[in-house]
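K.L.:
Quick one: structure below, then a few questions.
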Amino acid sequence: MPNEHLLITKVTIDFPTDNGPFRALDDVNLSIKKGEFVSLIGHSGCGKSTVLNIVAGLHQATTGGVILDDKEVNTPGPERAVVFQNHSLLPWLTVYQNVELAVKQVFKGKKSKTEMHDWIEHNLSLVHMSHALDKLPSEISGGMKQRVGIARALSMQPKVLLMDEPFGALDALTRAHLQDSLMEIQEELGNTVIMITHDVDEAVLLSDRIVMMTNGPAATIGEILHIDLEKPRNRIALADDPHYNHLRSEVLRFLYERHANPATKAA
Amino acid sequence: MTTLVYDKFERFGFGWFVPIIKLMRGEQAGKQLVLMFRNLVIPVVGILVFLFAWHVLAAQIQTSLGTVPGPIQVWSQFQGLVEEHKAERLKEVAFYERQEKRNAKKLAKNPDAKIKVRPYTGSPTFFDQIKTSLITVMVGFLIASLMAIPIGIVCGLSKDIYAAINPLIQVFKPVSPLAWLPIVTIIISAIVTTNSEMMPKAFIISALTVTLCCIWPTIINTTIGVSNISQDLLNVSKVLRLGWFTKIRKIVLPSAIPMIFGGLRLSLGIGWMVLIAAEMLAQNPGLGKFVWDEFQNGSSNSLGRIMVAVIVIGIIGYFLDRVMLSLQKSVSWDKNAILR
Chain A
58 MPNEHLLITK
68 VTIDFPTDNG
78 PFRALDDVNL
88 SIKKGEFVSL
98 IGHSGCGKST
108 VLNIVAGLHQ
118 ATTGGVILDD
128 KEVNTPGPER
138 AVVFQNHSLL
148 PWLTVYQNVE
158 LAVKQVFKGK
168 KSKTEMHDWI
178 EHNLSLVHMS
188 HALDKLPSEI
198 SGGMKQRVGI
208 ARALSMQPKV
218 LLMDEPFGAL
228 DALTRAHLQD
238 SLMEIQEELG
248 NTVIMITHDV
258 DEAVLLSDRI
268 VMMTNGPAAT
278 IGEILHIDLE
288 KPRNRIALAD
298 DPHYNHLRSE
308 VLRFLYERHA
318 NPATKAA
Chain B
11 MTTLVYDKFE
21 RFGFGWFVPI
31 IKLMRGEQAG
41 KQLVLMFRNL
51 VIPVVGILVF
61 LFAWHVLAAQ
71 IQTSLGTVPG
81 PIQVWSQFQG
91 LVEEHKAERL
101 KEVAFYERQE
111 KRNAKKLAKN
121 PDAKIKVRPY
131 TGSPTFFDQI
141 KTSLITVMVG
151 FLIASLMAIP
161 IGIVCGLSKD
171 IYAAINPLIQ
181 VFKPVSPLAW
191 LPIVTIIISA
201 IVTTNSEMMP
211 KAFIISALTV
221 TLCCIWPTII
231 NTTIGVSNIS
241 QDLLNVSKVL
251 RLGWFTKIRK
261 IVLPSAIPMI
271 FGGLRLSLGI
281 GWMVLIAAEM
291 LAQNPGLGKF
301 VWDEFQNGSS
311 NSLGRIMVAV
321 IVIGIIGYFL
331 DRVMLSLQKS
341 VSWDKNAILR
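Protein chains in written order, with the working numbering: chain A, 58 to 324; chain B, 11 to 350.
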C-alpha cells in the first residue's frame, strides 16, 4: 500500500468493570497520510480520547492495532507527541525548562548544547512565546500555557502530533488565536496531526478530513468527511463561503440528526 | 527592593516586625498602626497577662524546694546560668594558658621533650548542653529523613509496597519514645563496644530514639505527595520515555516536595520533643540531662533552673519550626498554597 503513514486497523478496546468488560470502541479503522490533518469529532463519551490514547500508546487495544511507518505501536514515545487538554506543564519549571526537558530527552547525544538551546528557542518562537522564556506556568495565561504545551510537543519532532482537545479549556478569542497559530505552524512544518475536538468550526477550519464517531458504547467511525477547502484558510473569508458552510452543516447534521447525543435524546 | 526585604521578614516568621519599619518610613501610617496593634501589641499583652498570672499563682504554692519561682526568679536563674557559662569559659582559657606556659618551659629545658596537650574537661554549661541537644536532634532527624524519603517515594509509587508497609507504620507510629529507649539502649550497648569520645553511647542512643519517633510523618507525607502526582504529568513522563531515575528526579520529587517538607517539619517538631525525654534517660549531656540533673539535685535553685530549661526548649522548638517553615516556603512551587 503506498503512502500509508499511520494505520489504525480493527481496533477494539474493552475496559474491565465490575459487571464484566465494557466495550468502548468497536472495529475502528483509519488510515492517515503523511502531513494530513485529521480531526476526530463526536459527542462526549464516544471514545475519541480512547482512540488518541491508543495511538499515543497510553492505552492498549484489546484487539487490532496501530502501525506507524511499518512499526507497531505498543508503548508511548516522543515520535507520537501529545498535546494534553490541560497543558500538563510541570509547574515548577519555567517555560524554557519545560521544553528543555523534552528536547534533552529526545535529542540526547544527537544535538550539541548550543544546538539544543537554539532548537528550544526556535520552537517557542513558533508559538510566539519567546518573550516569556523565564516565566513559570502559574505566571502565564491559559492560552499561553497551551502554546508552550504545543511547543513542547513540536520540539520532539514527532512523526504524528496528537492533540487531545487542545483548545477546549480556552475562551473563544484565545482559541481563534491559537487555531491561527496552529495553521501557520502546520503550513510551515507539514506535521501529521490527529486532533480531538468538540468544536465543529474548529474541525472544518483546520482539518483535511473530519472523522465523525458514533455514540458509545462500542463506538466506531460513522462517517469521514473530506474538507477540500484550499489552504491557507482564512476564517473571515470562509465565513461567507457557501462550500464551507455546506461542510459545516454536514458535520452538524451527523452530530445532531443521525447520531444525536443520547443524553439529550433521553431528556 | 523594600518589598523584598519585607518578604524576607515574613518568610522567617518576623512578619510582626514589618509594620514597625513601614511606620518609621511613614508608609500608610493609619493602616500600619492597625496592623502593629494586631500583630505586636495584642501578643505582647497576652504574654504580660500570662507572666502576671504566673507571678501571682506561683507565690501561693509551697513545695519541698520552697515556693514555686515566678518569672522574676526564673529570669535571675537564667542570668545565673549565663554567669556560670562565662566563668567556665574563663577557666578553660586559663587552663590552656597554663598548659601552654608549662609546655613552653619544658621545651626550653629540653627541646626533645614530649609535649602533651590535654583537652579541658570541665563540666558542660547550660549552653554547651543546648549545643549538644541541637547536634543530637539534627543527627537523629537527618538519619530519619534519609530513610523516610526513599521509603515514602517507594510507597507512593507502588500500591503493593504501600499495602505491605502501611500496617507497620500505623503500629509503630504511636509508640512513645520511652518505650523505644530501653530497646535501643540494649541493642546499641551490644553493638557499640568502644565508648569513643566523638560518638558516646548516650549520644547514639538519644539520636536513634529521635530517629525512630520522628521518621513516621515524613514517610506518610512523602507517600501522599508521591501518590497524588497528577496522571497528566505521569503521561508526560511516559510520552518522553523518561527513565525510572529521571522520572523520580524530574517529575516525582519536585511534585511531592511541598508535601515532603511539610512532613519534615512535623518530624523535626516531634524529634525535638522526643529528644528531651531520650536525653533524660540515656544521660546524653543535653537539655534533657540538665532537667533530670536539676530534678535529682533538688536545691532551692532547681525548680527555677528547670523552668529556664522549659522556656529555652520551647523557644528553640519555635525557631526550628520557623526555619523549616521558611525552607518549606522556599521549595514550594505552588505559590497559592497558604503555609503558616
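C-beta: ideal position from N, C-alpha, C; glycine also.
Please tell me whether Gly200 of chain A has its Cβ less than 9 Å away from any Cβ of chain B.
P.N.:
For the purposes of this step, residue 200 of chain A is taken as residue 143 along the first sequence, with counting starting at 1. Output row for Gly200 of chain A: interface = no.
K.L.:
For the beta strand (DSSP E) containing Asp71 of chain A, name the first residue and the last one.
P.N.:
Against the first sequence, residue 71 of chain A aligns to sequence position 14. Leu63 to Thr74 is the span of the beta strand (DSSP E), which, as asked, contains Asp71 of chain A.
K.L.:
In chain order, what residues of the same chain lie with their CB nearer than 6 Å to the CB of Ala323 of chain A, ignoring the 5 residues before and after it?
P.N.:
One-based indexing of the first sequence puts residue 323 of chain A at position 266. Confidence is the limiting factor: at Ala323 of chain A the pLDDT is only 47, short of 50, which leaves the residue's position unreliable, though a coordinate-based value still follows. Same-chain partners within the cutoff: there are none.
K.L.:
Where DSSP assigns a beta bridge to Gln72 of chain B, which residues make up the other side?
P.N.:
Taking the first residue of the second sequence as position 1, residue 72 of chain B is located at position 62. B:Thr77.
K.L.:
Identify every residue that forms a DSSP beta bridge with Ala138 of chain A.
P.N.:
For this step, residue 138 of chain A is matched to residue 81 along the first sequence. DSSP, once it has assigned bridges, lists A:Leu218 as partnering Ala138 of chain A.
K.L.:
Of all the alpha helix (DSSP H) runs that stay within the bounds of the segment 199 to 283 of chain B, which reach a length of 4 or more residues?
P.N.:
Counting only runs of 4 or more, we get 211 to 237, 241 to 249 and 254 to 257.
K.L.:
By Cβ distance below 8 Å, which residues in the same chain neighbour Glu307 of chain A in space, the five residues on each side in sequence not counted?
P.N.:
Counting from 1 along the first sequence, the entry for residue 307 of chain A is found at position 250. Closer than 8 Å at the Cβ level, and outside the excluded window around Glu307 of chain A, lie Leu282.
K.L.:
Which same chain residues, not among the five before or five after Ile198 of chain B, have their C-beta less than 8 Å away from its C-beta?
P.N.:
Counted from its first residue, the second sequence places residue 198 of chain B at position 188. The residues are Lys211, Ile214, Ile215 and Leu218.
K.L.:
Return the CA-CA distance between Gly247 of chain A and Asn180 of chain A, expressed in angstroms with no decimal places.
P.N.:
Within the first sequence, numbered from 1, the residue matching residue 247 of chain A stands at position 190. Within the first sequence, numbered from 1, the residue matching residue 180 of chain A stands at position 123. Rounded to whole angstroms, Gly247 of chain A to Asn180 of chain A spans 15 Å at the Cα level.
K.L.:
With H, G and I counted as helix, E and B as strand and the rest as coil, what does DSSP make of Ile98 of chain A?
P.N.:
Translated into positions along the first sequence, residue 98 of chain A becomes position 41. Ile98 of chain A falls in the strand class under three-state DSSP.
K.L.:
Less than 9 Å between CB atoms is the rule here; does Thr132 of chain A satisfy it with respect to chain B?
P.N.:
Working through the first sequence from its first residue, we reach residue 132 of chain A at position 75. Cβ-Cβ to chain B under 9 Å: yes for Thr132 of chain A.
K.L.:
Please classify Phe255 of chain B as buried or exposed, where buried requires at least 16 neighbouring CB atoms within 10 angstroms.
P.N.:
Your numbering for residue 255 of chain B matches position 245 in the second sequence. Per the 10 Å Cβ criterion, exposed.
K.L.:
Does chain A have any CB closer than 9 Å to the CB of Asn245 of chain B?
P.N.:
Here the question's residue 245 of chain B lines up with position 235 in the second sequence. True, the Cβ-Cβ gap to chain A drops below 9 Å.
K.L.:
For chain A, find out if any of its Cβ atoms is closer than 9 Å to the Cβ of Arg251 of chain B; answer yes or no.
P.N.:
Reading the second sequence from its first residue, position 241 is the one you call residue 251 of chain B. With 9 Å as the cut-off, Arg251 of chain B counts as an interface residue toward chain A.
K.L.:
By the 8 Å beta-carbon criterion, what residues does the segment 272 to 306 of chain A contribute toward chain B?
P.N.:
Listed by position, the residues of the segment 272 to 306 of chain A near chain B (Cβ gap below 8 Å) amount to none.
K.L.:
Could you tell me the boundaries of the beta strand (DSSP E) in which Ser123 of chain A lies?
P.N.:
Counted from its first residue, the first sequence places residue 123 of chain A at position 66. Note that residue 123 of chain A is Val in the sequence shown here, rather than Ser. Element bounds for Val123 of chain A: Thr120 to Leu125.
K.L.:
Let me check one thing: in DSSP terms, what residues is Lys116 of chain B bridge-paired to?
P.N.:
As a position in the second sequence, residue 116 of chain B is number 106, starting the count at 1. DSSP lists no partner for Lys116 of chain B.
K.L.:
Using beta carbons (cut-off 9 Å, strictly below), is Trp343 of chain B in contact with chain A?
P.N.:
For the purposes of this step, residue 343 of chain B is taken as the residue at position 333 of the second sequence. True, the Cβ-Cβ gap to chain A drops below 9 Å.
K.L.:
For Asn248 of chain A, would you say it is in contact with chain B, using Cβ-to-Cβ distances shorter than 9 Å as the test?
P.N.:
What you label residue 248 of chain A is simply residue 191 of the first sequence in a count that begins at 1. No, no contact with chain B.
K.L.:
In angstroms, rounded to a whole number, what distance separates the CA positions of Phe164 of chain A and Trp176 of chain A?
P.N.:
As a position in the first sequence, residue 164 of chain A is number 107, starting the count at 1. As a position in the first sequence, residue 176 of chain A is number 119, starting the count at 1. The straight-line gap from Cα to Cα measures roughly 10 Å.
K.L.:
Can you tell me whether Lys96 of chain B is buried or exposed, with buried defined as 16 or more other CB within 10 angstroms of its CB?
P.N.:
For this step, residue 96 of chain B is matched to residue 86 along the second sequence. Exposed, because fewer than 16 other Cβ atoms sit within 10 Å of the Cβ of Lys96 of chain B.
K.L.:
List, in order along the chain, the chain B residues whose C-beta lies closer than 8 Å to that of Ala138 of chain A?
P.N.:
Along the first sequence, one-based indexing puts residue 138 of chain A at 81. Within chain B, the residues near Ala138 of chain A are Val249.
K.L.:
Can you name the residues of chain B whose CB is closer than 7 Å to the CB of Trp149 of chain A?
P.N.:
Start at 1 with the first residue of the first sequence, and residue 149 of chain A comes out as number 92. Per Cβ cutoff of 7 Å: Pro264 and Trp343.
K.L.:
Where does Met58 of chain A sit, in a helix, a strand or coil, going by DSSP?
P.N.:
Against the first sequence, residue 58 of chain A aligns to sequence position 1. Note that Met58 of chain A scores 45 on pLDDT, short of 50, meaning its location in the model is unreliable; the coordinates nonetheless yield the value given after this. Coil.
K.L.:
Three Cβ pairs or more, each shorter than 8 Å: is that satisfied between the segment 285 to 300 of chain B and the segment 158 to 176 of chain B?
P.N.:
With a cut-off of 8 Å, the segment 158 to 176 of chain B and the segment 285 to 300 of chain B do not count as touching, because too few Cβ pairs lie within range.
K.L.:
So Gly121 of chain A packs on Thr66 of chain A, CB below 8 Å; how close in whole Å?
P.N.:
As a working note, residue 121 of chain A is residue 64 in the first sequence. As a working note, residue 66 of chain A is residue 9 in the first sequence. Contact flag correct, Cβ pair sits at about 5 Å.
K.L.:
I'd like to know whether the C-beta atoms of Leu82 of chain A and Thr74 of chain A end up nearer to each other than 9 Å.
P.N.:
Here residue 82 of chain A refers to the residue found at position 25 when the first sequence is read from its first residue. Here residue 74 of chain A refers to the residue found at position 17 when the first sequence is read from its first residue. No, these two residues do not count as a Cβ contact at 9 Å.
K.L.:
Roughly how many angstroms separate the alpha carbons of Ile325 of chain B and Arg332 of chain B, rounded to a whole number?
P.N.:
What you label residue 325 of chain B is simply residue 315 of the second sequence in a count that begins at 1. What you label residue 332 of chain B is simply residue 322 of the second sequence in a count that begins at 1. The alpha-carbon atoms of Ile325 of chain B and Arg332 of chain B are separated by roughly 11 Å.
K.L.:
Determine the closest residue to Ala113 of chain A out of A:Val139, A:Leu97, A:Phe94 and A:Leu190, with distance taken between C-alpha atoms.
P.N.:
To locate residue 113 of chain A, count along the first sequence from 1; it is residue 56. Taking only the C-alpha atoms, the option nearest Ala113 of chain A is A:Val139.
K.L.:
What number of angstroms, rounded off, separates the C-alpha of Glu287 of chain A from the C-alpha of Ala260 of chain A?
P.N.:
As a first step, residue 287 of chain A must be located in the first sequence, where it is residue number 230. As a first step, residue 260 of chain A must be located in the first sequence, where it is residue number 203. Approximately 15 Å between the Cα atoms of the pair.
K.L.:
Using the three-state DSSP reduction, which class does Glu93 of chain A fall into: helix, strand or coil?
P.N.:
As a working note, residue 93 of chain A is residue 36 in the first sequence. Coil.
K.L.:
What residues from chain B crowd round Ser145 of chain A, counting only those whose CB sits closer than 9 Å?
P.N.:
The count along the first sequence starts at 1 and reaches residue 145 of chain A at position 88. Ser240, Asp242, Leu243, Asn245 and Val246, listed in chain order.
K.L.:
Using the beta-carbon of each residue, which ones in chain A are nearer than 8 Å to Ile261 of chain B?
P.N.:
Within the second sequence, numbered from 1, the residue matching residue 261 of chain B stands at position 251. What Ile261 of chain B touches in chain A: Leu147.
K.L.:
Whose C-beta lies closer than 8 Å to the C-beta of Asn161 of chain A among residues of the same chain, with five residues either side of it excluded?
P.N.:
Against the first sequence, residue 161 of chain A aligns to sequence position 104. The residue asked about is misnamed: residue 161 of chain A is Lys in this sequence, not Asn. The answer, listed in chain order, is Met173.
K.L.:
Name, in chain order, the residues that DSSP records as bridge partners for His339 of chain A.
P.N.:
Nothing about residue 339 of chain A can be reported from this structure: the residues present for chain A run from 58 to 324 only.
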